[in-house]
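For the sequence shown, my numbering assigns the number 135 to the initial residue and increments by one for each residue that follows.
To start, the structure itself, in structure tokens.
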Amino acid sequence: MEPIISVKNVGMRFNLASEKVDNLKEYFIKLTKNSLKFEEFWALDDVSIDVMPGDFYGLVGLNGSGKSTLLKTIAGVLKPTKGSVTVRGTIAPLIELGAGFDMDLTARENIYLNGAVLGFSKKFMDEHFQEIVDFSELHNFLDVPLKNYSSGMVARIAFAIATVTDPDILIADEVLAVGDYTFQQKCEKRMKELIDNGTTVIFVSHSIEQVKSLCNKATWLEHGKVVMTGAAEEVCNEYMSRY
Ligand SMILES: Nc1ncnc2c1ncn2[C@@H]1O[C@H](COP(=O)(O)OP(=O)(O)OP(=O)(O)O)[C@@H](O)[C@H]1O
Ligand SMILES: [Mg+2]
Numbered sequence: 135m136e137p138i139i140s141v142k143n144v145g146m147r148f149n150l151a152s153e154k155v156d157n158l159k160e161y162f163i164k165l166t167k168n169s170l171k172f173e174e175f176w177a178l179d180d181v182s183i184d185v186m187p188g189d190f191y192g193l194v195g196l197n198g199s200g201k202s203t204l205l206k207t208i209a210g211v212l213k214p215t216k217g218s219v220t221v222r223g224t225i226a227p228l229i230e231l232g233a234g235f236d237m238d239l240t241a242r243e244n245i246y247l248n249g250a251v252l253g254f255s256k257k258f259m260d261e262h263f264q265e266i267v268d269f270s271e272l273h274n275f276l277d278v279p280l281k282n283y284s285s286g287m288v289a290r291i292a293f294a295i296a297t298v299t300d301p302d303i304l305i306a307d308e309v310l311a312v313g314d315y316t317f318q319q320k321c322e323k324r325m326k327e328l329i330d331n332g333t334t335v336i337f338v339s340h341s342i343e344q345v346k347s348l349c350n351k352a353t354w355l356e357h358g359k360v361v362m363t364g365a366a367e368e369v370c371n372e373y374m375s376r377y
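Given below as structure tokens:
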């Protein structure tokens, strides 16, 4: 079987300004003089992973280890500096909470907006609107601007929209972290249903117990490098024994 996601020797470099520039004028003066110093920083360094169809794939690692950056290269949001990413299927990305939302608009408006961002038609959204509202359980808040929502409420809507279809691949970056216990249970159940219907899930969580119980495979990242890839249980045990 061919991997549905194949990440080969991926490197992602960010340029960090290494000296402090106080204002825009100073910045442009230094820029034209070519005296602005950037420090190269590799957020991902020679990362390779293969995700097979039907995998529930976990990524673990400390803050700043490169998990979200890796997910962004898979989702096509970032182009890797080195290496290649091959994806065979449609992706529903849940990477940054609130990306694709306009906080000044109401939940109702945002459901349509985010649907459009994910490539769903108005007709499709009309047909699935109730299902999304039911899943997120926010019936009484539909006409409230999103800025007055709690982060957990925003997560509910984002998750409900992203999983309203059976995408080939669901990318879930810490989406469960802000939801309360009952919503986490609901999301876990929905992700298991998706897996049963053939969706592949990549899942990032700081709850190692969650990764252990949900995922079959996992990769542990540290400073942008792969420390270990294998059965989720083994990787999680190693990771926990380290920290
Ligand atoms: N656009 C960017 N420009 C510069 N540096 C970035 C950018 N995006 C991420 N980084 C850096 O890359 C590193 C990896 O970040 P990333 O968000 O992938 O970590 P993470 O593993 O998802 O961490 P967390 O567990 O906190 O979510 C960090 O040091 C971060 O500062
Ligand atoms: Mg992250």
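The beta carbon of each residue, even a glycine, is placed where N, CA and C say it ideally should be.
For residue i, which of helix, strand or coil comes out of DSSP?
{"i": "V369", "result": "helix"}
{"i": "I139", "result": "strand"}
{"i": "E243", "result": "helix"}
{"i": "N149", "result": "strand"}
{"i": "I329", "result": "helix"}
{"i": "T203", "result": "helix"}
{"i": "D179", "result": "strand"}
{"i": "M259", "result": "helix"}
{"i": "F162", "result": "helix"}
{"i": "V361", "result": "strand"}
{"i": "G217", "result": "strand"}
{"i": "F254", "result": "coil"}
{"i": "Y191", "result": "strand"}
{"i": "T297", "result": "coil"}
{"i": "I342", "result": "helix"}
{"i": "L348", "result": "helix"}
Closer than 8 Å by C-beta to residue i: which residues in its own chain qualify, once you throw out the five before and the five after it? Chain order, please.
{"i": "K142", "result": "S182, G217, S218, V219 and T220"}
{"i": "I245", "result": "M259, F263, I266, V267, I291 and I295"}
{"i": "D238", "result": "P279, L280 and K281"}
Taking 9 Å as the cut-off, decide whether the C-beta atoms of residue i and residue j are in contact.
{"i": "G269", "j": "K326", "result": "The sequence given here has Phe at residue 269, not Gly. Their beta carbons are not under 9 Å apart, which means F269 does not touch K326 by this criterion."}
{"i": "Y161", "j": "I336", "result": "no"}
{"i": "D277", "j": "R242", "result": "yes"}
{"i": "F235", "j": "V298", "result": "no"}
{"i": "L196", "j": "E173", "result": "no"}
{"i": "V155", "j": "K164", "result": "yes"}
{"i": "S285", "j": "L310", "result": "no"}
{"i": "K201", "j": "T207", "result": "no"}
{"i": "L348", "j": "E322", "result": "yes"}
{"i": "G358", "j": "S199", "result": "yes"}
{"i": "D189", "j": "N331", "result": "no"}
{"i": "D180", "j": "V360", "result": "yes"}
Among the residues of its own chain, which have a CB less than 7 Å from the CB of residue i, if the five just before and after it don't count?
{"i": "P301", "result": "T224, I225, A226 and T333"}
{"i": "P137", "result": "D184, V185 and M186"}
{"i": "K346", "result": "A366, E367 and C370"}
If residue i and residue j are in contact, beta carbons under 8 Å, what's the gap, nearest whole angstrom?
{"i": "I229", "j": "I305", "result": "6 Å"}
{"i": "V194", "j": "A352", "result": "6 Å"}
Excluding the five sequence neighbours on either side, which residues of its own chain have a C-beta within less than 6 Å of the C-beta of residue i, listed in chain order?
{"i": "F148", "result": "F175 and A177"}
{"i": "D307", "result": "S202, L205, I229 and V338"}
Which residues have their C-beta within less than 7 Å of a heavy atom of ligand 2, listed in chain order? A distance filter of 7 Å between CB atoms and the heavy atoms of ligand 2 selects the following residues in sequence order: K201, S202, D307, E308 and V338.
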